[in-house]
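Q: Dumping the structure here so I can ask a few things about it.
Residue numbers (full-length UniProt numbering): 1 to 295.
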């Protein structure tokens, strides 16, 4: 019986059944899995264990694999000395605002381009995607000039959360991601809503958004991680110690703080994003892999 072309792989099933082929396959698979695991988890393991070491042990060369005398007090010192509670609250606040602005404005833009099809919509989308080719560093100066003197209103947005929120709203990648998902929603649903007298806004609220929960979750995660990991832009627009994000705050205190305490602070700062990913990983994967809606 001929083998189904849809199940063919690089190594045939017949080769995998033989002793040598099976050995080579499992050897390569083990090497690849272990190698990638070490590459991704190695820095995380070093960070977590480094936060438990003394200052002398973390500076020694070669580094030790396990802490000789674990010091959990480093985490307490990091929390208290670096005022991580305030820094984490600021970052959560900025991340929540970024999620809200992106969900509202990027969703509206993607819905318009996908379902309302305005004049020159494809040109507008192409120009948006063209901005993805521009290096982020090139945009730092014009964005900063805009923030310190907002056009028309002539408002200085330094130390204002809008200095972080507004640049994140213009996210061409998220708009493209949302548009592609909206394109997969059958036009029959739109026609049925139109026949029932639903407006475009009502259709978006009652039909499009409930079907788009997976992709909205993905956009939300992207917005949170963008705020959480960003360093240069918050450092420029949030110069006051009271408005710093966690990454900028840790950097500001790093100069006069022991390295093991700084590493402990980095571990604490990384925990929220890891927890968010573990909770919503199913939504993230479904949102990224959903390309169509089955009736």
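Just so you know, even glycine gets a beta-carbon here, dropped at the ideal spot from N, CA and C.
Buried or exposed for residue 102, going by 16 or more other Cβ atoms inside 10 Å?
A: It counts as buried.
Q: Residue 70 and residue 52 - do their beta-carbons sit closer together than 9 Å?
A: Against a cut-off of 9 Å, the Cβ pair of residue 70 and residue 52 comes out as a contact.
Q: What separation, rounded to the nearest whole angstrom, lies between the Cα atoms of residue 141 and residue 238?
A: Spanning the two alpha carbons is a distance of roughly 15 Å.
Q: If distances are taken between C-alpha atoms only, which option among 100, 173 and 161 comes closest to residue 133?
A: Among 100, 173 and 161, the Cα nearest to that of residue 133 belongs to 173.
Q: Have a look at residue 166 and residue 260 and give me their C-alpha separation to the nearest angstrom.
A: So the two alpha carbons sit approximately 36 Å from each other.
Q: Could you tell me whether the region 240-251 touches the region 76-87, where touching means 3 or more Cβ pairs closer than 8 Å?
A: Taking 8 Å as the limit for Cβ pairs, the verdict is that the region 76-87 does touch the region 240-251.
Q: Where does residue 205 land, buried or exposed, given buried means 16+ other C-beta within 10 angstroms?
A: Answer is exposed; the Cβ neighbour count stays below 16.
Q: Alpha carbon to alpha carbon, how far is residue 157 from residue 192? Give it in angstroms, no decimals.
A: So the two alpha carbons sit approximately 45 Å from each other.
Q: On a CA-only basis, which of 247, 149, 77 and 119 is nearest residue 234? Give me that one, please.
A: Checked all of 247, 149, 77 and 119; the closest Cα to residue 234 is 247.
Q: Is the beta carbon of residue 170 sitting closer than 9 Å to the one on residue 146?
A: For residue 170 and residue 146, no; Cβs fall outside 9 Å.
Q: With C-beta atoms as the reference, is residue 37 less than 9 Å away from residue 228?
A: Not closer than 9 Å, so no.
Q: Given that a residue counts as buried once 16 or more other Cβ atoms are within 10 Å of its Cβ, and exposed if not, what is residue 216?
A: Buried, by the Cβ-count rule.
Q: Just verifying my parser: in three-state terms, what is the DSSP assignment at residue 69?
A: Note: residue 69 maps to coil in three-state DSSP.
Q: Mapping DSSP to helix, strand and coil, what is residue 129?
A: Helix, per DSSP.
Q: In whole angstroms, give me the CA-to-CA distance for residue 23 and residue 41.
A: About 27 Å.
Q: Secondary structure at residue 293, three-state DSSP: helix, strand or coil?
A: With a pLDDT of 44 at residue 293, under the threshold of 50, the modelled position of this residue cannot be trusted; read the value that follows with caution. Residue 293 falls in the coil class under three-state DSSP.
Q: Using a threshold of 9 Å, state whether the C-beta atoms of residue 208 and residue 94 are closer than that.
A: Result no, Cβ atoms of residue 208 and residue 94 do not sit closer than 9 Å.
Q: Just to confirm, is the Cβ distance from residue 74 to residue 263 under 9 Å?
A: Their beta carbons are under 9 Å apart, which means residue 74 touches residue 263 by this criterion.
Q: For the alpha helix (DSSP H) containing residue 174, list its first residue and its last residue.
A: Element bounds for residue 174: 172-183.
Q: Between the alpha carbons of residue 198 and residue 175, how many angstroms are there, rounded?
A: Their backbone Cα atoms lie some 24 Å apart in a straight line.
Q: How many Å lie between residue 161 and residue 118 at the Cα?
A: Near 32 Å, if we compare the C-alpha coordinates of residue 118 and residue 161.
Q: Below 8 Å on the Cβ atoms is my contact criterion, and I expect residue 224 with residue 32 to pass it. Report the Cβ-Cβ distance as a whole number of Å.
A: Their Cβ separation, rounded to whole angstroms, is 30 Å, which puts residue 224 and residue 32 out of contact at 8 Å.
Q: By how many angstroms is the C-alpha of residue 249 removed from the C-alpha of residue 255?
A: Computed Cα separation, rounded: 11 Å.
Q: So, using beta-carbon positions, are residue 200 and residue 116 closer together than 9 Å?
A: Yes, Cβ-Cβ distance for residue 200 and residue 116 is below 9 Å.
Q: Which of helix, strand or coil does DSSP assign to residue 27?
A: Residue state, collapsed to three classes: helix.
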